[in-house]
Amino acid sequence: MLKFLPRRLLQLVPTLFLVSVLIFGLQQLLPGDPALVMAGEERDPAVIEQIRRQYRLDQPLPMQYLHWIGNVLSGDLGESMRIKQPVSELITAKLPVTVQLATMAMVFALLIGIPAGILSAVKRGSAWDVGANVFALWGLSTPNFWLGIMLIFLFSVKLGWLPASGFVSPFEDWRQSLATTVMPAFVLGNAIAAVLMRHMRSAMLQAMGSDYVRTARAKGLVEKTVVLKHALRNALTPVITLGALEFGTLLSGAVLTEQVFSIPGFGKLIVDAVFNRDYAVVQGVVLVTATVYILLNLLADVLYVLVNPRLRD
Amino acid sequence: MAAIAASAGAPTAVHDSPARRALRRLLARRTAVFGLVVVGVMVALALFAPWIAPFDPLATRFMAIRMSPDAAHWFGTDEVGRDLLSRVIWGGRASLAAGVISVSIAVGVGVPLGMLAGYVGGVIDAVVSRITDAMLAIPFLILAIALAAFLGPSLGNAMIAIGITATPIFVRLARGQVLAVRAEDYVEAARAVGNPPARILLRHILPNILPPVIVQATLAIAAAIIAEASLSFLGLGQQPPAPSWGSMLNTAQRFLTQAPWMAIFPGLAIFVSVLAFNLLGDGLRDALDPKS
Numbered sequence: 015m016l017k018f019l020p021r022r023l024l025q026l027v028p029t030l031f032l033v034s035v036l037i038f039g040l041q042q043l044l045p046g047d048p049a050l051v052m053a054g055e056e057r058d059p060a061v062i063e064q065i066r067r068q069y070r071l072d073q074p075l076p077m078q079y080l081h082w083i084g085n086v087l088s089g090d091l092g093e094s095m096r097i098k099q100p101v102s103e104l105i106t107a108k109l110p111v112t113v114q115l116a117t118m119a120m121v122f123a124l125l126i127g128i129p130a131g132i133l134s135a136v137k138r139g140s141a142w143d144v145g146a147n148v149f150a151l152w153g154l155s156t157p158n159f160w161l162g163i164m165l166i167f168l169f170s171v172k173l174g175w176l177p178a179s180g181f182v183s184p185f186e187d188w189r190q191s192l193a194t195t196v197m198p199a200f201v202l203g204n205a206i207a208a209v210l211m212r213h214m215r216s217a218m219l220q221a222m223g224s225d226y227v228r229t230a231r232a233k234g235l236v237e238k239t240v241v242l243k244h245a246l247r248n249a250l251t252p253v254i255t256l257g258a259l260e261f262g263t264l265l266s267g268a269v270l271t272e273q274v275f276s277i278p279g280f281g282k283l284i285v286d287a288v289f290n291r292d293y294a295v296v297q298g299v300v301l302v303t304a305t306v307y308i309l310l311n312l313l314a315d316v317l318y319v320l321v322n323p324r325l326r327d
Numbered sequence: 025m026a027a028i029a030a031s032a033g034a035p036t037a038v039h040d041s042p043a044r045r046a047l048r049r050l051l052a053r054r055t056a057v058f059g060l061v062v063v064g065v066m067v068a069l070a071l072f073a074p075w076i077a078p079f080d081p082l083a084t085r086f087m088a089i090r091m092s093p094d095a096a097h098w099f100g101t102d103e104v105g106r107d108l109l110s111r112v113i114w115g116g117r118a119s120l121a122a123g124v125i126s127v128s129i130a131v132g133v134g135v136p137l138g139m140l141a142g143y144v145g146g147v148i149d150a151v152v153s154r155i156t157d158a159m160l161a162i163p164f165l166i167l168a169i170a171l172a173a174f175l176g177p178s179l180g181n182a183m184i185a186i187g188i189t190a191t192p193i194f195v196r197l198a199r200g201q202v203l204a205v206r207a208e209d210y211v212e213a214a215r216a217v218g219n220p221p222a223r224i225l226l227r228h229i230l231p232n233i234l235p236p237v238i239v240q241a242t243l244a245i246a247a248a249i250i251a252e253a254s255l256s257f258l259g260l261g262q263q264p265p266a267p268s269w270g271s272m273l274n275t276a277q278r279f280l281t282q283a284p285w286m287a288i289f290p291g292l293a294i295f296v297s298v299l300a301f302n303l304l305g306d307g308l309r310d311a312l313d314p315k316s
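Taken in order, these protein sequences are the chains called A and B. So for the first sequence, my numbering puts the first residue at 15; every next one is plus one. So for the second sequence, my numbering puts the first residue at 25; every next one is plus one.
The structure is reproduced here in structure tokens:
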């Protein structure tokens, strides 16, 4: 059934290799002596010398890369210059926060995007269709950090219903956790909902015009059964795989959302690292994000085969 | 050739040129016209900002700190008394420039590379395609932030970062389009009469793959405007005190309780301009689609 999987896994190797080369290459963009820049305000020659040794900056580039990738493959992403903590530890600590946020955002996106797409296709040309399309355009054109600020203004400043910032773990207090994440999750999910809605609509329109739907109607089935059992089941296939891909986009969106809502997650980690000129952290976060994104792509492919009976053999 | 050109332009010609037909189709769509008008107004505001903006966008007035919108200051003033309308108009310059310049970088690098990869094939295609895959494997904003972080914070570097990040989309698009048309009869014919590859690519293939590139470029400007605002919001784009919509929103967040207008207007400006480019892009897609 998943005969393509080994070949697909093998294809990941060159992509992951090139991604690692690109991320390693970022260091070369630093203006001037990388050791000096990485040291920041620290002017102690001993520190600069230590950086030079740590990153093998006195060796040729290929050697530097081999040293770096060797460490990465053994789970060592380097050490944060500022916090003096291993980058991998920082990432493991922050990732669950972002995953919780992204999962909630995906739930919002699915709950809004899928029904809106179905409704808009089934009632094509109606006010529902126009409304759903306006919503999609709004979702695609609104910068999520602005939406976040506006929601804080409305629900925190004006109405006082929700906390403006911060994060509480669901294991500590699930109600408080929900209160702190509902706004950022909605902000993150909004744009994805728009994308899902558009795809759901076109997939549904295609399904509704197909022969099997015409046959189902000809058999005298009620419209609800035709739409939900025949058209929707087929139309959902591409949308499910798209959902898996969009999960990666959520990681990108989380950067700004976490910044606006002061949520100590993955996104805030990279922003803080950028400000602190903590380059090892920036590289580590980008590498982990890219790997997660590549694996989500693979998951999307697998899901596509699993939910599509015609591709199973 | 001159005779053909003359007859095509003559008033007796029955058929429209493809460009004219596309324009007619574009103008028949209300949402696309709205997008076009808004983009036109934005370009005019950005070009004529020094004459249109009512105040100096950098002039601080400590007697007029955080004033709500009124007749003199339509959008109110900020935390150091600068006129927000003037700053939004001048900020449009940075946003539009970032959108256009970064997409120009992406098109200028991506389209030739993609065309070459698609036409030549072999090792060049394999190398270009794998690098493209690798770049597309890093989420857009994360890559742009990383590039901007390493290049150093400035509007110019933000444009370069966004341009590099958007390049693989155009490589992939151009490559796919070339693969689709390279076996067409007119390309075969051009090759058969002995045209060199460069001439075939420029004269015969490029004009035929241009429509999807134009559509993608319009939509990419919308994405680039959001990306520039995002980078400026994070402090990686336009540096203060120079106005940019993203950095204005960053400051506004600190004064949300006392001066919400500081957040409303720059955000609306981003929203309206991104919406306009999205509507224009959607309209162009329909207008340039030969099947519609």
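Here a beta-carbon is modelled for each residue, glycine too, at the ideal position from N, C-alpha and C. Just so it is clear, the structure is predicted and the values come from calculations on it, not from any experiment.
Would residue i and residue j be called neighbours here (beta carbons separated by less than 8 Å)?
i: A294(A); j: M95(A); result: yes
i: A168(B); j: I155(B); result: no
i: V127(B); j: A190(B); result: yes
i: P163(B); j: G259(B); result: no
i: S179(A); j: F280(A); result: no
i: D143(A); j: S155(A); result: no
i: L210(A); j: L161(A); result: no
i: G105(B); j: E252(B); result: no
i: L109(B); j: W98(B); result: yes
i: V236(A); j: I37(A); result: no
i: T29(A); j: A161(B); result: yes
i: G261(B); j: L179(B); result: yes
i: L259(A); j: N311(A); result: yes
i: G153(A); j: A119(A); result: no
Which residues mark the beginning and the end of the alpha helix (DSSP H) in which residue i is found?
i: K108(A); result: V101 to V136
i: P48(A); result: P48 to A53
i: Q78(A); result: L75 to L87
i: W285(B); result: W285 to L312
i: L218(A); result: Reading the sequence as shown, one finds Met at residue 218(A) and not Leu. W188 to M222 is the span of the alpha helix (DSSP H), which, as asked, contains M218(A).
i: D315(A); result: Y293 to V321
i: T55(B); result: R54 to L71
i: A46(B); result: P42 to L51
i: S183(A); result: Premise fails: S183(A) is in no alpha helix (DSSP H) and is neither H nor E.
i: L234(B); result: L230 to F257
Compare the C-beta of residue i with all C-beta atoms of chain B and state if any pair is closer than 8 Å.
i: W160(A); result: yes
i: Y318(A); result: no
i: F69(A); result: Checking the sequence, you will find Tyr at residue 69(A) rather than Phe. No, its Cβ sits nowhere closer than 8 Å to a Cβ of chain B.
i: S266(A); result: yes
i: L24(A); result: no
i: S155(A); result: yes
i: P28(A); result: yes
i: L43(A); result: yes
i: L296(A); result: First, the amino acid is wrong: residue 296(A) is Val here, not Leu. Chain B, which has a Cβ nearer than 8 Å to the Cβ of V296(A), makes this yes.
i: F18(A); result: no
i: T263(A); result: yes
i: R253(A); result: The sequence given here places Val at residue 253(A); Arg does not occur at that position. Taking Cβ atoms only, chain B never reaches closer than 8 Å to V253(A), which makes this a no.
Strictly under 8 Å for the Cβ-Cβ distance: is residue i near chain A by that measure?
i: I238(B); result: no
i: V63(B); result: no
i: D157(B); result: yes
i: S31(B); result: Note on S31(B): pLDDT 44, under 50, position unreliable in the model; the coordinate value appears next. It does not; no Cβ of chain A falls within 8 Å.
i: G305(B); result: no
i: P81(B); result: no
i: L197(B); result: no
i: I250(B); result: yes
i: N302(B); result: yes
i: S126(B); result: no
i: I166(B); result: yes
Hey, is residue i's beta-carbon within less than 8 Å of any beta-carbon in chain D?
i: P192(B); result: Any reference to chain D falls outside this structure, whose protein chains are A and B.
Subject >> Length at least 4, wholly inside the stretch 122-181 of chain B: the alpha helix (DSSP H) runs in chain order >> reply: 146-160 and 164-175
**OP:** Evaluate the contact criterion for the stretch 202-213 of chain B versus the stretch 266-276 of chain B: three or more CB pairs, one atom per stretch, below 8 Å.
**Re:** With the rule of 3 Cβ pairs closer than 8 Å, the stretch 202-213 of chain B does not count as touching the stretch 266-276 of chain B.
**OP:** Only counting runs of 4 or more residues, tell me where the alpha helix (DSSP H) segments fall wholly within the stretch 236-284 of chain A, in order along the chain.
**Re:** With a minimum length of 4 residues, the continuous alpha helix (DSSP H) runs that stay inside the stretch 236-284 of chain A are 246-274.
Subject >> Inter-stretch contact (C-beta, 8 Å, three-pair minimum) for the stretch 237-257 of chain B and the stretch 291-306 of chain B >> reply: Yes, they touch.
Subject >> Touch test, the stretch 66-74 of chain B against the stretch 112-120 of chain B, Cβ-Cβ under 8 Å, three pairs minimum >> reply: Per the Cβ contact rule, the stretch 66-74 of chain B is in contact with the stretch 112-120 of chain B (3 or more Cβ pairs under 8 Å).
**OP:** Tell me the start and end of each unbroken alpha helix (DSSP H) in the stretch 83-127 of chain B that is at least 4 residues and wholly inside, in chain order.
**Re:** none
Original post:
Given 8 Å as the limit, is there contact between the stretch 98-108 of chain A and the stretch 167-182 of chain A, that is, 3 or more CB pairs closer than that?
Top reply: No, the stretch 98-108 of chain A is not in contact with the stretch 167-182 of chain A.
**OP:** Report yes or no: do three or more beta-carbon pairs, one from the stretch 163-174 of chain A and one from the stretch 279-294 of chain B, lie closer than 8 Å?
**Re:** yes
Subject >> the stretch 119-129 of chain A / the stretch 260-267 of chain A touching (three or more Cβ pairs under 8 Å) >> reply: When C-beta atoms of the stretch 119-129 of chain A are compared with those of the stretch 260-267 of chain A, three or more pairs fall below 8 Å, so the two segments count as touching.
Original post:
Can we say the stretch 35-55 of chain A touches the stretch 81-96 of chain A, given the rule of at least three CB pairs closer than 8 Å?
Top reply: yes
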